[in-house]
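Accompanying notes for the structure given below.
Number of protein chains: 2
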Amino acid sequence: MNADKNDQKKLIRTSYSKDISVDFDNKNITVIGWIVSMRKQGKIYFMMLYDSTGPLQIIIKKGVSPDDIFAQAETLKEHSSIAVRGTIKKNEKAPNSVELHPEEISVLSTANKIPPFSLYGGQLPNIDKRLDIRAIDLRRPSAQSIMKLRAKTLQLIRNFYIDKDYLEVNTPKIIATATEGGSALFPMLYYDKEAFLTQSPQLFKEQLVLPFEKVFEIAYAYRAEKSRTLHHISEFISVDMEQAFIDYKDVLKIIEESLIYLKDDLLQSSSEHLD
Amino acid sequence: MNADKNDQKKLIRTSYSKDISVDFDNKNITVIGWIVSMRKQGKIYFMMLYDSTGPLQIIIKKGVSPDDIFAQAETLKEHSSIAVRGTIKKNEKAPNSVELHPEEISVLSTANKIPPFSLYGGQLPNIDKRLDIRAIDLRRPSAQSIMKLRAKTLQLIRNFYIDKDYLEVNTPKIIATATEGGSALFPMLYYDKEAFLTQSPQLFKEQLVLPFEKVFEIAYAYRAEKSRTLHHISEFISVDMEQAFIDYKDVLKIIEESLIYLKDDLLQSSSEHLD
């Protein structure tokens with residue numbers, strides 16, 4: 001069965017990979033994702049399909065699977081996006097101890113090119129090669145973990161300050177003059193006036209404690225400081241807090257508390273991304 | 001007792017206004033905040049002190065309060081920040097049904113000027129006058145409510161997408177070329193190259209659904225479109241979501257759901273700011 005508009009309409013996702021457990025044995029389900037690997041061993045195709053929640057093994061067997069599915073398997077390429085309807089069977093050796101036996105496959109998007117390096121094992125090429133196909137490079141399991149940990153970290157820092165009654169504020173990033181001495185600024189044109197990208201919310205947050213006492217901001221800041229490493233960038237995200245009626249010892253205590261909270265929660269909530 | 005370095009060290013906040021209830025009757029506490037109003041009626045001073053959590057009434061009475069406190073009251077100015085130690089007494093007519101009888105007052109910062117308009121009632125001047133002293137203008141109760149509702153709204157939208165397994169991403173705001181046709185861009189200088197401020201994370205989020213399937217971003221965007229109203233600004237915050245394998249009907253459903261969730265939660269959690 002080849003992909004066409006009608007097929008695509010028929011297949012509606014019923015499940016995400018991570019939710020499919022042995023309790024789904026013999027259930028008919030539909031999943032959508034991208035093909036991560038496709039191996040043929042004798043009369044069996046082993047396909048690994050990923051969606052945003054993780055892997056699902058798909059088995060296509062000559063004489064067992066429908067003939068048209070077995071024929072279609074030959075044409076399926078890694079990194080293509082497909083929808084698959086089929087029956088779940090227990091298999092202790094597969095991810096989540098289940099595999100899918102397809103009865104209908106719809107190709108949503110065919111990969112025209114295969115990445116020049118394997119995302120799932122082997123030597124990684126240098127950063128420039130990876131950035132050329134960054135959207136695909138980010139499918140690597142370790143890249144997925146880094147991005148998920150990063151999002152979780154920002155979420156936890158936010159929650160930490162919100163729980164302690166700090167008001168989240170958003171201050172201007174286009175400014176008329178330098179905020180702090182020393183840093184080099186990126187100049188820009190604000191209509192017919194010269195302006196700059198802010199290198200810090202410092203002066204704004206100092207003003208905002210007058211009405212709100214406790215504020216924080218998580219926002220971009222910009223410093224026109226060239227660097228020879230990969231780790232110092234001109235556009236970065238800063239976490240800024242400001243509070244009235246306290247001294248530097250209180251500030252140190254709050255920051256320490258936030259880091260401990262962050263560490264404890266990440267170890268609990270994100271252990272699968274920390275290995 | 002006048003303010004000096006030693007006084008300031010002595011007074012450590014024990015309570016926030018909103019937490020002081022009739023259960024505090026006869027308790028000795030210390031609060032820190034700014035003086036919102038100061039009226040003298042015969043031999044009594046009525047002071048309203050605000051901290052970030054709300055108001056607390058302070059009473060200074062000739063012959064009852066210590067003599068030096070009564071003398072000091074004459075010198076206290078509205079909008080000054082002070083720390084006050086004293087005893088809580090029930091008073092049904094006061095906010096939270098309590099008032100504070102001070103035994104020690106330390107002036108942390110004296111207001112040199114009084115705002116040219118009242119923040120707590122009466123006619124408001126035009127926006128330009130208010131922006132001249134914006135940090136003080138934001139002490140107005142309605143401005144406080146607006147900023148708190150705004151922060152809560154962003155927090156709820158974030159939680160809505162995080163709960164549904166969307167990955168929060170942060171894409172570059174300095175870009176090399178226009179993202180979408182039509183919009184006017186702010187030009188800037190990125191070291192020795194021309195660059196622009198992004199008007200939308202559109203192209204980045206489209207790429208990011210390849211590895212992550214469901215993403216969202218809450219971030220600044222910039223459009224060089226002059227406006228004659230106060231409500232259309234060149235720097236704004238946009239909420240962007242993007243998801244693979246769905247169509248426009250699903251998108252409408254998700255957006256509708258998010259707005260209902262937002263409305264329901266705000267009515268519950270923030271009713272005091274919605275009047």
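Sequences listed follow chains Y and G, in order.
The numbers in our numbering rise by one with no breaks, and the one at position 117 of the first sequence is 117.
The numbers in our numbering rise by one with no breaks, and the one at position 127 of the second sequence is 127.
C-beta: ideal position from N, C-alpha, C; glycine also.
task = Identify each residue in the region 164-179 of chain G for which the Cβ-Cβ distance to at least one residue of chain B is less than 8 Å, and report them in chain order.
result = Judged by its chain identifiers, the structure shown contains no chain B, and its protein chains are Y and G.
inquiry  = Short of 7 Å in beta carbon distance, which residues of its chain neighbour phenylalanine 70 of chain G, apart from the five on each side in sequence? Order them along the chain.
reply    = Answer for phenylalanine 70 of chain G: Ile60, Lys62, listed in chain order.
inquiry  = Please state whether the Cβ-Cβ distance between lysine 263 of chain G and glutamine 243 of chain G is less than 8 Å.
reply    = No, Cβ-Cβ distance for lysine 263 of chain G and glutamine 243 of chain G is not below 8 Å.
ask   = What are the residues that DSSP puts in a beta bridge with isoleucine 174 of chain Y?
value = According to DSSP, which records beta bridges pairwise, isoleucine 174 of chain Y is partnered with Y/Leu197.
task = Mind reading off the beta-carbon distance from isoleucine 218 of chain Y to valine 239 of chain Y? Whole number of angstroms is fine, and I expect it under 8 Å.
result = Yes, isoleucine 218 of chain Y and valine 239 of chain Y are in contact; Cβ-Cβ is about 5 Å, under 8 Å.
message = In whole angstroms, give me the CA-to-CA distance for serine 109 of chain G and tryptophan 34 of chain G.
response = CA-to-CA, the gap between serine 109 of chain G and tryptophan 34 of chain G works out to about 9 Å.
message = Output needed for serine 37 of chain Y: all residues of its chain with C-beta closer than 6 Å, excluding positions within five of it in sequence on either side, in chain order.
response = Within the same chain, and ignoring the five residues on either side of serine 37 of chain Y in sequence, the residues whose Cβ sits closer than 6 Å to its Cβ are Met48.
ask   = Pick from Y/Gln144, Y/Ile127, Y/Ile58, Y/Ser17: whose alpha carbon is nearest that of valine 209 of chain G?
value = Out of Y/Gln144, Y/Ile127, Y/Ile58, Y/Ser17, Y/Gln144 has the C-alpha closest to the C-alpha of valine 209 of chain G.
request  = Report yes or no: is there a C-beta of chain Y within less than 8 Å of the C-beta of arginine 139 of chain G?
outcome  = It does: the Cβ of arginine 139 of chain G has a partner Cβ on chain Y nearer than 8 Å.
key: 8 Å contact criterion, which aspartate 51 of chain Y and isoleucine 32 of chain Y should meet: CB distance rounded   = Right, the Cβ-Cβ distance comes to about 6 Å (below 8 Å), so this counts as a contact.
task = Quick one: give me the first and last residue of the alpha helix (DSSP H) that leucine 262 of chain G is part of.
result = For leucine 262 of chain G, the enclosing alpha helix (DSSP H) starts and ends at 248-269.
Residue environment, leucine 267 of chain G, which counts as buried when at least 16 other CB atoms sit within 10 Å = By the neighbour-count rule (16 or more Cβ atoms within 10 Å), leucine 267 of chain G is not buried but exposed.
message = Going by C-alpha to C-alpha distance, which of G/Val107, G/Ser234, G/Ile58 sits closest to serine 200 of chain G?
response = Nearest neighbour of serine 200 of chain G by Cα position, chosen from G/Val107, G/Ser234, G/Ile58, turns out to be G/Ser234.
message = Tell me the DSSP secondary structure of threonine 87 of chain Y in three-state form.
response = Looking at threonine 87 of chain Y - three-state DSSP - the assignment turns out to be strand.
inquiry  = Please classify glutamate 99 of chain Y as buried or exposed, where buried requires at least 16 other C-beta atoms within 10 Å of its C-beta.
reply    = Under a 10 Å Cβ-count criterion, glutamate 99 of chain Y is classified as buried, with 16 or more other Cβ atoms of the shown protein chains found around its own Cβ.
Partners in chain Y for methionine 188 of chain G, counting only beta-carbon separations shorter than 8 Å = Ordered by position in chain Y, the residues that pass the 8 Å Cβ test against methionine 188 of chain G are Phe186, Pro187, Met188, Leu189, Leu197.
query = If you draw a straight line from the alpha carbon of glycine 83 of chain G to that of phenylalanine 117 of chain G, how long is it in whole angstroms?
reply = The residue asked about is misnamed: residue 83 of chain G is alanine in this sequence, not glycine. Looking at the two C-alpha atoms, the distance is approximately 25 Å.
ask   = Closest by CA to aspartate 275 of chain Y, which one among Y/Ala135, Y/Leu149, Y/Phe196?
value = Comparing Cα-Cα distances from aspartate 275 of chain Y to each of Y/Ala135, Y/Leu149, Y/Phe196, the minimum goes to Y/Leu149.
query = If glutamate 105 of chain Y and glutamine 72 of chain Y are in contact, beta carbons under 8 Å, what's the gap, nearest whole angstrom?
reply = Reading off the sequence shown, one finds isoleucine at residue 105 of chain Y, where the question assumed glutamate. About 6 Å; that satisfies the 8 Å criterion.
query = Checking contacts by CB at 8 Å: is arginine 85 of chain G closer than that to chain Y?
reply = Chain Y, which has no Cβ nearer than 8 Å to the Cβ of arginine 85 of chain G, makes this no.
message = Can you tell me where the beta strand (DSSP E) holding lysine 214 of chain Y begins and where it ends?
response = 214-222 is the extent of the beta strand (DSSP E) around lysine 214 of chain Y.
ask   = In whole angstroms, what separates the C-alpha of glutamate 257 of chain Y from that of valine 64 of chain G?
value = Cα atoms of glutamate 257 of chain Y and valine 64 of chain G: separation of roughly 43 Å, rounded to the nearest angstrom.
request  = Starting from the beta carbon of glutamine 207 of chain G, find every residue of chain Y whose beta carbon is closer than 8 Å, and list them in chain order.
outcome  = Within 8 Å Cβ-Cβ: Arg134, Ala135.
Contacts around isoleucine 157 of chain Y, its chain only, beta-carbon distance under 6 Å, and the 5 residues preceding and following it disregarded = Excluding residues within five positions, the ones whose Cβ falls inside 6 Å are Val239.
message = Could you check whether the Cβ of isoleucine 237 of chain Y sits closer than 8 Å to any Cβ belonging to chain G?
response = For isoleucine 237 of chain Y, the answer is yes, since a Cβ of chain G falls inside 8 Å of its Cβ.
Residue nearest to glutamine 41 of chain G in terms of C-alpha spacing, selected from G/Asp68, G/Thr53, G/Glu74 = Of G/Asp68, G/Thr53, G/Glu74, the residue nearest in Cα terms is G/Glu74.
inquiry  = Can you check which of these residues, G/Thr229, G/Arg228, G/Tyr190, G/Tyr220, is closest to lysine 226 of chain Y by C-alpha distance?
reply    = Checked all of G/Thr229, G/Arg228, G/Tyr190, G/Tyr220; the closest Cα to lysine 226 of chain Y is G/Tyr190.
ask   = What are the start and end residues of the beta strand (DSSP E) that includes phenylalanine 236 of chain Y?
value = Note, phenylalanine 236 of chain Y: beta strand (DSSP E), 235-243.
message = Can you confirm whether lysine 10 of chain Y, when its beta carbon is compared against all beta carbons of chain G, has any partner nearer than 8 Å?
response = Residue-level contact check: lysine 10 of chain Y does not touch chain G, since none of the beta carbons of chain G fall below 8 Å from its beta carbon.
request  = Please confirm whether aspartate 216 of chain G and glutamate 168 of chain G have their CB atoms less than 8 Å apart.
outcome  = A small correction: the amino acid at residue 216 of chain G is phenylalanine; aspartate does not occupy that position in the sequence shown. A Cβ-Cβ contact shorter than 8 Å links phenylalanine 216 of chain G with glutamate 168 of chain G.
task = Establish whether the CB of isoleucine 88 of chain G and some CB of chain Y are separated by less than 8 Å.
result = Cβ-Cβ to chain Y under 8 Å: no for isoleucine 88 of chain G.
ask   = Which bits of chain Y does glutamate 144 of chain G rub up against, with CB to CB less than 8 Å?
value = Strictly speaking, residue 144 of chain G in this sequence is glutamine, with glutamate absent from that position. Near glutamine 144 of chain G (Cβ distances below 8 Å), the residues of chain Y are Pro211, Phe212.
key: Alpha-carbon to alpha-carbon, glutamate 194 of chain G and arginine 223 of chain G   = Between arginine 223 of chain G and glutamate 194 of chain G, the C-alpha separation is close to 17 Å.
request  = Thinking lysine 90 of chain G and serine 97 of chain G are a contact (beta carbons under 8 Å), I'd like their distance in whole angstroms, please.
outcome  = About 6 Å separates the two Cβ atoms, so the contact holds.
ask   = Of all the residues that make up the region 110-134 of chain Y, which are near chain G by a beta-carbon distance shorter than 9 Å?
value = With the criterion set as a beta carbon lying under 9 Å from some beta carbon of chain G, the members of the region 110-134 of chain Y are Arg134, in sequence order.
query = Could you check where the alpha helix (DSSP H) with aspartate 137 of chain Y kicks off and where it finishes?
reply = Element bounds for aspartate 137 of chain Y: 134-137.
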